[in-house]
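Report on the structure given below.
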Amino acid sequence: MLKALGMSPSLLISIYSKQNDTAAFAFSIFITCFVGYIMSKTKINKKKMIKAKEGLTIVAFGWILFSFFGALPFVISGSIPSFVDAFFETVSGITTTGATIITDIEVLPKGILFWRSFTHWIGGMGILVFTVAILPAMGVGSFQIFKAESPGPISDKIVPRIKDTARILYITYMAMTVLQIGLLWIGGMSLFESVLHTFGTVGTGGFSTRNASLGAFHSTYIHVVISIFMIMAGANFSLYYELYKGKWRDVLKNEELRLYLGIIVVSVILIAINMDISLYNNFGKSLEHSLFQVSSIISTTGYSTVNFDEWTTFSKGILFLLMFVGGCAGSTGGSIKSVRILVLLKLIKREITKIFHPRAVIAVKIGQRPVSTDILASIASFFALYIIIFSLGTIVISLEGIGLVSAASAVAATLGNVGPGFDFVGPTRTYSEFSAASKLLLSWFMLLGRLEIFTIFILFSPKFWKNEI
């Protein structure tokens with residue numbers, strides 16, 4: 333029912349713009365609300381607390397159902413006649429991936445364009461975190477939903493009450509949204525496009541209103557503003573609350589943030605120098621495009637200002653590696669996450685040290701906090717499973733008859749919720765040429781990446797359904 337309510341702004345925009353998608357939204361809202369109403373009448377045990385099992389199930393099926401019903405406006409309006417394609421587009425939107433099957437975006441009605449980008453904004457902080465923020469009646473069990481959805485290996489509450497944590501996150505999220513809309517509007521974008529590109533930025537989604545993405549706006553100001561906000565969206569949102577409380581030193585000492593920003597700075601400089609020598613012969617322009625694309629890929633937003641598929645192998649190699657890094661834990665970004673990379677690097681350092689000091693007991697720490705063995709095992713297994721899925725997925729997608737680079741980047745871009753890749757799925761191309769089976773598989777990868785793999789995988793465990801865990 334909340335999802336039906338979420339379609340209402342798109343309906344109003346459709347009515348105002350007097351285009352042919354009004355009936356599609358009205359019918360989609362009716363169907364979704366009707367199904368939600370029937371579900372709301374189901375008898376439940378109100379005394380039963382939402383535990384880990386229920387939290388995982390609610391999150392997994394909640395996202396799948398949202399994607400299913402979210403595809404209705406595309407199909408009914410005729411914007412995307414194929415339901416598989418519409419489902420792919422909706423999954424891409426809600427998981428903030430930004431991979432698209434639409435070859436000509438600029439002919440779409442405004443209501444459809446708004447809904448397409450609005451799914452980024454809803455999915456960026458999480459549909460169910462949103463419900464926790466506005467439905468405190470869910471009570472103590474809502475922390476299980478928050479944990480199942482929160483990106484990263486550690487889900488800490490910013491404040492003791494989970495509903496207050498969710499509200500703080502959303503207040504921060506909305507403040508960033510309003511600020512960026514204003515800055516883009518000042519920079520010459522129309523209000524409508526400012527709103528939609530902001531949805532794609534703060535949600536790290538990447539759906540644009542233009543076929544050429546942000547390259548259609550030949551404005552250094554717009555490119556820099558969006559670059560900054562993509563970096564901000566890829567940082568841990570709890571750090572903004574720390575800044576609000578005046579804890580600047582704690583924020584500056586945050587190891588994950590320092591690694592995240594350090595990777596960005598090094599990557600931007602390396603690519604800018606390489607592109608200045610090999611392509612642009614203008615260091616200012618090279619720096620602008622380098623900053624934008626590095627910010628876009630590491631934050632898993634997926635916007636582009638140029639066809640980076642034409643860049644040198646060196647620069648494309650850096651961008652490809654950034655697809656596996658992603659933003660910080662607690663951000664709207666996807667992929668492996670910087671904190672996991674940080675812990676893995678510390679684990680490698682520990683193992684090298686133990687070669688020389690085999691009896692040494694060395695704790696892996698993030699800041700001053702030792703990381704528990706359970707979390708270390710979780711991070712190591714997550715990384716291993718991520719690489720296994722990427723490898724097997726690449727082999728399966730290669731059955732489409734495309735090159736290894738195309739298959740690998742398609743899987744990396746969907747599993748990491750990045751969007752565009754290289755060659756067959758480059759920034760000037762779409763995923764429309766894949767078969768229906770591959771689109772469903774890539775949709776599955778997008779859900780796996782957004783829900784951190786285990787949330788989906790555990791549903792296939794027989795013990796999960798036999799109440800043994």
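Residues in the sequence shown are numbered consecutively from 333, following our numbering.
Where a beta carbon is used, it is the ideal one built from N, C-alpha and C, also for glycine.
Counting only the Cα atoms, Asn614 lies some 51 Å from Leu388. Runs of alpha helix (DSSP H) with 4 or more residues, each lying fully within the segment 725-773, are found at 736-747, listed in chain order. CA-to-CA, the gap between Met508 and Gly535 works out to about 10 Å.
Note that the C-beta distance between Trp447 and Phe531 is not below 8 Å. In this structure Lys686 is exposed. Its beta-carbon is surrounded by fewer than 16 other beta-carbon atoms within 10 angstroms. With respect to Arg542, Glu421 sits apart: the two C-beta atoms are not nearer than 8 Å. Assigned with DSSP and collapsed to three states, Ile668 falls in coil, not helix or strand.
If you compare the alpha carbons of Ala392, Leu334, Ser342 and Lys383 with that of Val367, the shortest gap goes to Leu334.
The criterion of a C-beta distance shorter than 8 Å is satisfied by Ser342 and Phe450. In the DSSP assignment, Arg701 is bridged to Ile698. In this structure, Leu783 sits near Trp395, with a CB-CB distance shorter than 8 Å. Rounded to the nearest angstrom, the gap between the Cα atoms of Gly443 and Leu731 is 37 Å. The segment 706-724 makes no contact with the segment 399-408: fewer than 3 CB pairs, one atom from each, lie closer than 8 Å. The criterion of a C-beta distance shorter than 8 Å is not satisfied by Gly781 and Gly634.
Contact between Met607 and Ile629 fails: their C-beta atoms lie close to 15 Å from each other, not under 8 Å. Considering only Phe415, Val657 and Ala418, the residue with the shortest C-alpha distance to Ile595 is Val657. In the DSSP annotation of this structure, Met521 is not part of any alpha helix (DSSP H), being labelled neither H nor E. Counting every other CB atom within 10 Å of its CB across the protein chains shown gives Phe792 a total below 16, marking it as exposed.
Per DSSP, reduced to three states, the secondary structure at Val638 is coil, with no helix or strand assignment.
With a cut-off of 8 Å on Cβ pairs, the segment 668-686 is not in contact with the segment 764-774, counting fewer than three such pairs.
Following the DSSP letters along the chain, one finds Glu620 inside the alpha helix (DSSP H) bounded by residues Phe615 to Ile630.
For Glu587, the uninterrupted alpha helix (DSSP H) segment begins and ends at Glu587 to Met607. Looking at the backbone, the Cα of Ile361 and that of Thr374 are separated by about 20 Å.
Per DSSP, reduced to three states, the secondary structure at Asp353 is coil, with no helix or strand assignment. In the structure shown, Cys660 falls within a coil segment according to DSSP collapsed to helix, strand and coil.
C-alpha of Ser618 to C-alpha of Ala768: approximately 38 Å in a straight line. Residue environment: Trp643 is assigned as buried (16 or more neighbouring CB atoms within 10 Å of its CB, all protein chains considered). Contact between Ser622 and Ile609 fails: their C-beta atoms lie close to 12 Å from each other, not under 8 Å. Counting the other Cβ atoms within 10 Å of the Cβ of Pro405 gives 16 or more, which makes it buried. Residue burial annotation: Met506 is exposed, with fewer than 16 other C-beta atoms found within 10 angstroms of its C-beta. Every unbroken stretch of the alpha helix (DSSP H) spanning 4 or more residues and falling wholly within the segment 378-440 is given here in chain order: 384-402, 404-409 and 415-426. For the options Tyr572, Lys771 and Ala392, the alpha carbon positioned closest to that of Ile729 is the one of Lys771.
Look at Ile376 here: in three-state DSSP terms it is coil, with no helix or strand label. Thr632 is the residue among Leu679, Thr632 and Arg581 whose C-alpha sits nearest the C-alpha of Leu651.
Less than 8 Å separates the beta-carbon of Gly456 from that of Thr664.
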